[in-house]
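Below: the structure, in structure tokens.
Number of protein chains: 2
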Amino acid sequence: MVTIKDVARLSGVSIKTVSRVVNNLAEISPETRKKVQQAILELGYQPNTTARNLVNGQTNTVGVIIPHSADYIFTHPFFTQVLQGIAEELSANNFNLLLHLAHDKAPYASLYSQRKVDGLILMSIPIGDPNLQGLEENGVPCVCTCRISETNNSTSWVDADFAGGVEQAIEHLISLRHRRIALLAGPMSLVSVRLRALGYRNALQKHGLPAADGYILEGDFTSESGHALAAKAMKDPNPPSALICGDDMMAFGAMQALKELGYGVPEDVSVIGFDDISLARFSSPPLTTIRQDTYEKGRKAAETLLAFMRDKQNATPRQIMLETSLITRNSTASAKN
Amino acid sequence: MVTIKDVARLSGVSIKTVSRVVNNLAEISPETRKKVQQAILELGYQPNTTARNLVNGQTNTVGVIIPHSADYIFTHPFFTQVLQGIAEELSANNFNLLLHLAHDKAPYASLYSQRKVDGLILMSIPIGDPNLQGLEENGVPCVCTCRISETNNSTSWVDADFAGGVEQAIEHLISLRHRRIALLAGPMSLVSVRLRALGYRNALQKHGLPAADGYILEGDFTSESGHALAAKAMKDPNPPSALICGDDMMAFGAMQALKELGYGVPEDVSVIGFDDISLARFSSPPLTTIRQDTYEKGRKAAETLLAFMRDKQNATPRQIMLETSLITRNSTASAKN
DNA sequence: ACGTTTACTGACAACGTTGTCATTAAATTA
DNA sequence: TAATTTAATGACAACGTTGTCAGTAAACGT
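Going down the list, the sequences are from chains U and L. Our numbering puts the first residue of the first sequence at 1, with every later residue one more than the last. Our numbering puts the first residue of the second sequence at 1001, with every later residue one more than the last.
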């Protein structure tokens, strides 16, 4: 390995002078600079990041934490886009991205205390995760891409307005004269899912419609689960005429189940998804869905974290809610009767 | 920050002894060990990874390189599953995963020469990438998740048998009496795409069918591109009765286009995808597709790389081809005439 | 001509850990 | 009893870089 010493020897200066050239510090005479640069080129010298990190006391690395329990997260286009937003923002700021699968043997808190990273971005942390509290107490810079409780405001997060999104969807359905609307929700252990249910209840109440609890079904964000829940919903003696799904994957599964049961979409049943993943345009029928800007979610989370790490003293929790918008396609139509 | 010195002071031993306890080295008297462990617990000491890496001359980190040019890669379920395979294998071996977006300002070769990683996994590297050659010359341990040329065998890779996969698909279509089969391919700059075309030509030739070059259309792995190419293919004066798509996303787009043009799938036109992403089961109709085990691809790539890094001396390139299998669903049926 | 500033450079310590080697005391052997 | 092995521990250098501070020579001011 070529070190700064080798460069110093070849160019006949001290290691400190080489360091100055490499880091563009202070005044260096043009001849010296040239000489050193020449040697660097000749030897192909590259500074050793580890050594730098040790003296600088930082790593220029951000850890992105994925809860290992949530297996579906990897098959979910939503996840990848958030990750892309994070990755590009970090890359633009010359930060490294350490992708970490959280599980019991590798708790994510140690990433910081072992100085592998300077800060953390937490993806999809379930409610009441005990690790999280420890982070805050130790002043670890961190940002969540999801709310971690309905009330907590000591943690920074960037998240979509799930309640508002579902309300938009229900307004749309009601304008199409639907009155029996079911919610095929994700796992209730996630705040985002609870907020969707909240929006659902609020909107129905606003229009004097009963929010029958049997109309809220709990699943897990996979197509399989959407498929199963739709079938279950339609078995109701008074089956819904519209389904709002926790995400687009569930919506695809739901539409498939409806077809298998002989229901036309949207003639018999309207279906609305959540996310607007790229495939939503290409399902049959193309899916009406509540769009959230997942890329921006990731980008903003990274941006927020970078700001924190730059100014750890004045860091106060920041909470950013991103607007959703309803994308109307062909999976929704007027109610039959 | 709590350092090994603090632990040494509190427990009244030398730093070296603390180090021995932490790393479970040599013989330490039970009393000393207990004393030190007590101090570690009391202070909440965690070893500093950067300092360790510096003296050990390694990072226990693997870089996963994503070509930034390939924007579609992030929206592609395929990518995430390979990544999951890599992530889990690395995690199981206590290695860190550094996710790196390759672009001009951040060439991936420097990740190794700057000692940020001990080895590299290259995702979806285009043919003739100049960085790659440099890696090999410098003895950087690296494995590709795709072949980087038809002939090169100095690089290690793990990849699916694309040619064989397409041949399986064509056998299936021919058994359904299809004779006009088009290939909606991905970008020809990728070897995997060229191999699919090779399989296509071979299989047709084997059955004495003409491999009309107009029947191979080049796209880019997105649904949009599948949509556009299908429309184009059907404009042929002698339109195909079956479409083999470069991946499932393209197949979804293609099916949508066919429906818009009034063709029934599979009554009028059969469609076959590639990958078998989780959604393939839930399209309408459910998609017949060539399955590749993307998770295993990632896992094996990581496994191979880990083996290399353990034994850099005897490292010879290893090339692993994974079998594909045809999953028959409802998007294929007998040819009409 | 002499003091003072300025521009440039280098010696050395430090970051937190592990490796090498020496040291001590106890245990074993002759 | 003396010599030798063994077990347990510590002093110090090293990893490759940056920060601190001091040093030298030239340029400037009076």
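A virtual CB, placed ideally from N, CA and C, is assigned to each residue, including glycine.
Can you pull the chain L residues whose beta carbon is under 7 Å from the beta carbon of U:R115, in chain order?
-> N1048, T1049, T1050
message = Under 7 Å, CB to CB, which of the residues in the region 91-108 of chain U have a partner in chain L?
response = S91, N96, L97, L98, L99, L101, A106
Item checked: Straight-line Cα distance separating U:P77 from U:A266 -> For the record, residue 266 of chain U in the displayed sequence is Pro; it is not Ala. So the two alpha carbons sit approximately 25 Å from each other.
Subject >> DSSP-derived helix/strand/coil call for U:F95 >> reply: coil
Among all the DSSP beta bridges, which residues are the ones paired with L:F1282?
In DSSP, L:F1282 forms no bridge with anything.
Report task. With 9 Å as the limit, tell me which residues of the region 1231-1249 of chain L have their beta carbon closer than that to any beta carbon of chain U; keep them in chain order. Result -> M1249
Within the chosen definition, does the region 1194-1213 of chain L reach the region 1160-1179 of chain L through at least 3 CB pairs nearer than 8 Å? yes
How far does the alpha helix (DSSP H) with U:R291 in it extend, from its first residue to its last?
Element bounds for U:R291: not the alpha helix (DSSP H) but the beta strand (DSSP E), 288-291.
**Prompt:** Looking at the unbroken beta strand (DSSP E) that takes in U:M234, where does it start and where does it end?
**Reply:** First-last for U:M234: 223-234, but that is the alpha helix (DSSP H), not the beta strand (DSSP E).
>> Helix, strand or coil, according to DSSP, for L:Q1319 in the structure here?
In response: strand
- Item | Three-state secondary structure assigned by DSSP to U:I181 | strand
- prompt: Taking the runs of the alpha helix (DSSP H) that are 4 residues or longer, which of them lie wholly in the region 53-93 of chain U?
  reply: 77-92
#### Entry: Under 7 Å by beta carbon: chain L residues contacting U:Q81
F1074, T1075
- Task: Using three-state DSSP, classify L:V1158 as helix, strand or coil.
- Result: strand
- Query: Measuring CA to CA, which of U:L98, U:P67, U:L54 is closest to L:V1062?
  - Reply: U:L98
*Would you say L:T1332 and L:L1173 are within 8 Å of each other, going by their C-beta atoms?*
yes
Point to revise | Cβ distance (whole Å) where L:V1191 is taken to contact L:A1301 below 8 Å | key: Not a contact, Cβ separation roughly 16 Å.
**Item:** Cβ neighbours of L:P1187 in the same chain (closer than 8 Å, five flanking residues each side left out)
**Value:** V1193, E1218, G1219, D1220, F1221
Q. If we call anything under 8 Å between Cβ atoms a contact, is L:G1298 one with L:Q1058?
A. no
Report yes or no: do three or more beta-carbon pairs, one from the region 1044-1060 of chain L and one from the region 1114-1128 of chain L, lie closer than 8 Å? yes
L:A1228 Cβ short of 7 Å to the ligand GDP heavy atom set: Here there are no bound small molecules, and the ligand GDP is not part of this structure.
| field | Beta-carbon gap between U:G120 and U:I73 smaller than 8 Å | value | It should be noted that the sequence gives Leu, not Gly, for residue 120 of chain U. Contact: no.
For a contact meaning CB atoms closer than 9 Å, what does L:S1223 contact in chain U?
S278, L279, R281, F282
Distance check for L:L1041 and U:T49, CA to CA, integer angstroms please. 30 Å
Checklist line | DSSP three-state assignment for U:H172, whether helix, strand or coil | finding: helix
Checklist entry - L:P1240 and L:R1180 look like a contact to me (Cβ under 8 Å); what is the Cβ gap, rounded to whole Å? => result 4 Å
Just to check my reading of the structure: L:A1008 and U:L54 have Cβ atoms closer than 8 Å, yes? What is that Cβ distance to the nearest angstrom? About 19 Å separates the two Cβ atoms, so there is no contact after all.
task = Could you check if U:D311 is buried or exposed, using at least 16 other CB atoms within 10 Å of its CB as the buried criterion?
result = exposed
- Task: Please classify L:H1227: is it buried, with 16 or more other beta-carbons within 10 angstroms of its beta-carbon, or exposed?
- Result: buried
**Asked** Between the beta-carbon of L:L1229 and the beta-carbon of L:A1211, is there less than 8 Å?
**Response** no
Proximity winner among L:F1308, L:I1086, L:P1286, relative to L:A1251 (alpha-carbon distances): L:P1286
Could you pull out every residue in the same chain whose Cβ sits closer than 8 Å to the Cβ of L:E1150, ignoring the five residues on either side in sequence?
V1191, R1194, L1195
Item to complete: Taking 8 Å as the cut-off, decide whether the C-beta atoms of L:H1103 and L:L1111 are in contact.
Response: no
Q | For U:A242, the nearest candidate out of U:S334, U:G128, U:V18 (CA to CA) | A | U:S334
* Asked: DSSP state of U:G119, grouped into three classes?
  -> strand
On the CB-based measure, 16 or more other CB atoms within 10 Å of its CB, does U:A185 come out buried or exposed? buried
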